[in-house]
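If you're matching positions, the sequence shown starts at 0 in numbering that gives the first Met the number 0 and goes up one per residue. Glycine included, each C-beta is placed from N, C-alpha and C at the ideal position. Computed from a prediction, not measured in an experiment: that's the story for all the values here. In what follows, a structure is listed as structure tokens, so that the remarks can point back to it.
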Amino acid sequence: METKPARVRILDAAHELMLTVGLARATTKEIARAAGCSEAALYKYFDSKEELFVRVLAERLPRLTPLLSSLEAEPGQGTLEENLTEIARQAALFYEQSFPIAASLYAETQLKRRHYEALRKIGSGPHTPIESLDAYLRAEQAAGRVRADADTFAAASLLLGACAQRAFAYDATASGVRPPVDPFAARLARTLLGGIAPENSVAQDGDRPRP
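Now the structure itself:
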């Protein structure tokens with residue numbers, strides 16, 4: 000059997016440990032042991048646990064950041080509703096899978112502060128998807144597909160905030176079941192579009208089938 004490259008084994012082990020014991024308790028020593036390498040070997044590929052965490056999010060979870068980057072680079076592609084629906088779908092899946100990893104940080108205030116300080120040094124953090132979506136919406140605004148007076152930062156915060164809430168808010172309901180991701184994403188996108196799209200581009204109520 001072909002052995003996976005060390006970097007891949009480290010990412011796989013980090014993902015598994017962060018899911019099972021949480022980010023706060025997944026140490027680089029334990030990750031290296033699970034990957035079958037030394038801790039020194041781990042640091043050949045990743046400068047810190049925070050960088051490893053960011054790479055796990057980018058390479059093992061739904062690819063929200065690459066999607067936002069590609070859309071920002073080429074505004075005007077596809078329809079705005081289709082793009083927002085796909086963003087909402089990827090974001091809902093991303094938060095659903097990342098919440099169990101990061102949740103343990105919120106139980107330890109000092110650890111969370113140190114972790115966020117380290118993330119800021121490498122230009123990352125939970126705010127970055129909001130900033131990326133805001134940048135995409137501003138690019139669409141410049142292209143005339145978002146209303147000139149629309150608050151793009153607020154729109155980005157609303158969309159991603161709803162997707163993040165889906166990751167945990169429905170666990171307390173009687174069924175404990177999250178809304179299915181595809182209709183959830185479509186409804187979010189359509190509702191947001193009603194507030195930010197130019198008036199002449201918004202379909203009249205009843206023109207589209209609802210999920």
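Span separating the alpha-carbon of residue i from that of residue j
i, j, result
"residue 113", "residue 151", "30 angstroms"
"residue 202", "residue 95", "Low confidence applies to residue 202: its pLDDT is 47, below 50, so where it sits in the model is not reliable, and the reading given next is rough at best. Computed Cα separation, rounded: 31 angstroms."
"residue 172", "residue 178", "11 angstroms"
"residue 137", "residue 76", "14 angstroms"
"residue 57", "residue 185", "24 angstroms"
"residue 30", "residue 167", "26 angstroms"
"residue 32", "residue 141", "50 angstroms"
"residue 180", "residue 190", "15 angstroms"
"residue 42", "residue 28", "10 angstroms"
"residue 103", "residue 109", "12 angstroms"
"residue 147", "residue 157", "18 angstroms"
"residue 99", "residue 93", "11 angstroms"
Span of the alpha helix (DSSP H), counted from its first residue to its last, around residue i
i, result
"residue 131", "127-141"
"residue 65", "63-72"
"residue 27", "27-34"
"residue 56", "48-59"
Simplified DSSP assignment, three categories, for residue i
i, result
"residue 107", "coil"
"residue 89", "helix"
"residue 11", "helix"
"residue 190", "helix"
"residue 96", "helix"
"residue 45", "coil"
"residue 121", "coil"
"residue 146", "coil"
"residue 22", "coil"
Item to complete: Within the stretch 154-183, note down every full beta strand (DSSP E) run reaching 3 residues or more, in order along the chain.
Response: none
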